[in-house]
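Q: Following this message is one structure expressed as structure tokens.
2 protein chains.
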Amino acid sequence: MKIDPDSTVDLSAQIAKAIRDAIIAGDLIVDQRLPSEAELADHFDVSRPTVREALKRLAAQSLIRTQRGATGGAFVNRLRFEDAYAQQVTTSTLLLSMNAVSFDVACEARYALERACAPLSAARRTPDHLATMRAEIHRQGQPGLTDEAFCASDVTFHRALVDGAGNKVLSYQLAGAVEAMQPLMNMITFTARSREAIVALHTDIADAVEARDAAKIDATLVKLEAYTRELAHSVVTARAQKAAEKEHKTA
Amino acid sequence: MKIDPDSTVDLSAQIAKAIRDAIIAGDLIVDQRLPSEAELADHFDVSRPTVREALKRLAAQSLIRTQRGATGGAFVNRLRFEDAYAQQVTTSTLLLSMNAVSFDVACEARYALERACAPLSAARRTPDHLATMRAEIHRQGQPGLTDEAFCASDVTFHRALVDGAGNKVLSYQLAGAVEAMQPLMNMITFTARSREAIVALHTDIADAVEARDAAKIDATLVKLEAYTRELAHSVVTARAQKAAEKEHKTA
DNA sequence: ATACATTTTAATGTCTGACATTTAATCTGG
DNA sequence: CCAGATTAAATGTCAGACATTAAAATGTAT
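So the sequence lines, in the order shown, correspond to chains D and C. Each residue of the first sequence is one higher than the one before, counting from 1 in my numbering. Each residue of the second sequence is one higher than the one before, counting from 1001 in my numbering.
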């Protein structure tokens, strides 16, 4: 592991890269302890604060964890799916909000991915997954539910569908897509009638999952996608109209 | 933005979280300059090194960039899909290697996601995407190609297929799945005969994409998945046999 | 007045050395 | 043999200094 002190790149970034590469290459294995900060500083011929900045970079990516005390130090972290979820969701959310990704594009991606799970979920879902879906459907029918709570329940429902596929990699990939859309979905005000329609489609999906009918799940997801986009469009239209009225009033 | 100095959590982690939350909430917008390190240190009532560790954490997630000089400082970064790709691939690769995700599970996820793109790609692919696919097929037929180069070309081919769907979110999500599998794929030694079979299937896919025949793409991807898994199994079997022989020799 | 060279300045990058805090291992007395 | 005190080693934090960078301000000559 070496760095170039003459490079224009930050030393801490170079050190972080060197250690990261060693982890990816398998030279440092899970739970292995890195040398102490002082030893690393000595090795790379830099000061301790510089080493610490490098370690914090790695910690931000969940590649290492640190422990204080006598037998403490920095350890290579076993990257867990649960840890990766959070980062994936954060990144996806920011990508959507910063890159003016249209609702349609995000929606299309989400349902395309979800439909990819449909046949697997039909084959493998357990009673647990089904119970979660039914419970969320029931919650979604409760009057007095806020839009945010309705959306959160929607996310849980869809994650149960995805988790039913029994493939951790798929669940991980989809967590980003589904949850990242939540802020966009929260912009939609769900009327009693639209909630009723969504709950009906959710019920169809749950029934199809119970019957292990992949084609039916797929078809219903297509319907749900179309309806979601329709709702979003009406929101956009209403907002534009409101803005126009306001404009008219000021003029 | 406040932190709790009595918490057991690192101050730098708390500060990073506070700033990250502000970015996510939109309180800090793209290209906006953060206060200088000295000002942040003053605001949070900590020392400059502590602030710097926090900023390095954010930089590791591409949430900010720093610039030196008179008008320098830390700026909120516009998170680009390209920047996110790299992190996504690193994370996915480590998840697969550290969590003993079986080849079958990863393979299943990859092809499920890819098949989700098939109908969109059939509808939207441009001549460019098609040209890339044809070029990679040609490369894959060249004799003397290393296994690594063959795999790299395979990745490029599949990414062209995915990019053909014309949905950035899908491309982003899939980049992780496809590229993360490359290390696993590199373990497979491709015989002349297996390469021939793969190239034939790739050609079928390219033909179907050209004809905008979604069903045909889907069907061929199913075949390719089955063949890939078959190849992987034979590799595993061969390796187990070799290990058994070695065991026998030592005994 | 303008173009170019120089100086200033404000910021990040880095270093040194110190102290605080945490935690496990070790020592010590009952 | 065990419980408490001590020690040691590591990370966490701080203070202050200097190095480096790059833009802006200033000065100067044409």
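Here a beta-carbon is modelled for each residue, glycine too, at the ideal position from N, C-alpha and C.
Express the C-alpha separation of arginine 134 of chain D and glutamine 182 of chain D in angstroms, rounding to a whole number.
A: Roughly 21 Å separates the two Cα atoms.
Q: Can you list, in chain order, the residues of its chain whose CB lies under 8 Å from that of alanine 1116 of chain C, leaving out five sequence neighbours each side?
A: Leu1170
Q: Starting from isoleucine 1023 of chain C, follow the alpha helix (DSSP H) in both directions and report where the run begins and ends.
A: 1011 to 1025
Q: Hey, could you find the ends of the alpha helix (DSSP H) glycine 73 of chain D is sitting in?
A: It is not in any alpha helix (DSSP H) - glycine 73 of chain D instead sits in the beta strand (DSSP E) that spans 73 to 76.
Q: What are the residues of the stretch 1063 to 1087 of chain C that lie near chain D, defined by any Cβ-Cβ distance shorter than 8 Å?
A: Leu1063, Arg1078, Leu1079, Arg1080, Phe1081, Ala1084, Gln1087
Q: Excluding the 5 residues flanking alanine 1022 of chain C on each side, which residues of the same chain have their C-beta closer than 7 Å to its C-beta?
A: Answer for alanine 1022 of chain C: Met1001, Leu1028, listed in chain order.
Q: In the DSSP output, what is arginine 65 of chain D paired with across the bridge?
A: D:Phe75
Q: So which residues of chain D does glutamate 1053 of chain C contact, with C-beta pairs closer than 8 Å?
A: Arg52, Glu53, Lys56
Q: Using a Cβ-Cβ cut-off of 8 Å (strictly less than) and excluding sequence neighbours within five positions of lysine 1056 of chain C, which residues of its own chain qualify?
A: none
Q: Would you check if the distance between the CB atom of alanine 1180 of chain C and the CB atom of leucine 1096 of chain C is smaller than 8 Å?
A: Judged by beta-carbon spacing, leucine 1096 of chain C lies within the 8 Å limit of alanine 1180 of chain C, meaning their Cβ atoms are closer than that value.
Q: Grab me the residues of alanine 177 of chain D's own chain with a C-beta within less than 7 Å of its C-beta, minus the 5 sequence neighbours each way, in chain order.
A: Here the set comprises Ser92, Ala109, Arg110, Leu113.
Q: Return no unless some Cβ of chain D is closer than 8 Å to the Cβ of serine 1012 of chain C.
A: yes
Q: With three or more beta-carbon pairs closer than 8 Å as the criterion, would you say the stretch 1152 to 1168 of chain C touches the stretch 1125 to 1139 of chain C?
A: The stretch 1152 to 1168 of chain C, when compared against the stretch 1125 to 1139 of chain C, does touch it at the 8 Å Cβ threshold.
Q: So, for valine 1222 of chain C: in the same chain, excluding its five sequence neighbours on each side, which residues have a beta-carbon less than 8 Å away from its beta-carbon?
A: Tyr1111, Arg1115.
Q: Which partner residues of arginine 33 of chain D appear in the DSSP bridge assignment?
A: D:Phe75
Q: Taking the alpha carbon of serine 254 of chain D as the point to measure from, which residue in D:Pro49, D:Gly72, D:Ala41, D:Gln88 has its own alpha carbon closest?
A: Outside the displayed span of chain D (1 to 251) sits residue 254 of chain D, for which this structure offers no information.
Q: What are the boundary residues of the alpha helix (DSSP H) that includes lysine 2 of chain D?
A: Run containing lysine 2 of chain D: none; DSSP gives neither H nor E here.
Q: Can you tell me where the alpha helix (DSSP H) with methionine 1098 of chain C in it begins and where it stops?
A: 1081 to 1098
Q: Comparing the C-beta of lysine 168 of chain D with each C-beta of chain C, is any distance below 8 Å?
A: At a cut-off of 8 Å, the C-beta of lysine 168 of chain D has a neighbouring C-beta in chain C.
Q: Taking DSSP as the reference, what is the three-state secondary structure of isoleucine 188 of chain D?
A: Correct three-state label for isoleucine 188 of chain D: coil.
Q: What whole-angstrom Cβ distance do glutamine 1014 of chain C and aspartate 1004 of chain C have, given they're in contact under 8 Å?
A: 7 Å
Q: Buried or exposed, going by whether 16 or more other CB atoms sit within 10 Å of the CB of glutamate 1148 of chain C?
A: exposed
Q: What is the DSSP secondary structure of alanine 1054 of chain C, reduced to helix, strand or coil?
A: helix
Q: Would threonine 1220 of chain C and isoleucine 24 of chain D qualify as a contact pair, given that the criterion is a beta-carbon distance under 8 Å?
A: Not closer than 8 Å, so no.
Q: I'd like to know whether the C-beta of leucine 130 of chain D is nearer than 8 Å to at least one C-beta of chain C.
A: no
Q: Beta carbon of glycine 260 of chain D, beta carbon of serine 47 of chain D: below 8 Å?
A: What the structure shows of chain D is the stretch from 1 to 251, and residue 260 of chain D is not part of that stretch, so it cannot be assessed.
Q: Got a sec? Which residues, its chain only, sit under 7 Å from cysteine 1151 of chain C by beta carbon, not counting five neighbours each side?
A: Excluding sequence neighbours, cysteine 1151 of chain C sits near Gln1182, Met1185, Asn1186.
Q: Give a yes or no on whether 8 Å exceeds the smallest Cβ distance from isoleucine 205 of chain D to chain C.
A: no
Q: Compute the distance between the beta-carbons of serine 1121 of chain C and arginine 1139 of chain C, then report whether it is under 8 Å.
A: By the CB criterion at 8 Å, serine 1121 of chain C and arginine 1139 of chain C fall outside the cutoff.
Q: Suppose you measure from the CA of glutamine 32 of chain D to the CA of phenylalanine 75 of chain D; what does that come to, to the nearest Å?
A: 6 Å
Q: Should glycine 164 of chain D go down as buried or exposed, given a rule of 16 or more other Cβ atoms within 10 Å for buried?
A: Counting of Cβ neighbours within 10 angstroms places glycine 164 of chain D among the buried residues, the total reaching 16 or more.
Q: Buried or exposed, going by whether 16 or more other CB atoms sit within 10 Å of the CB of histidine 1248 of chain C?
A: Taking every protein chain shown into account, the CB of histidine 1248 of chain C has fewer than 16 other CB atoms within 10 angstroms, so this residue is exposed.
Q: Would you say valine 30 of chain D and arginine 78 of chain D are within 8 Å of each other, going by their C-beta atoms?
A: yes
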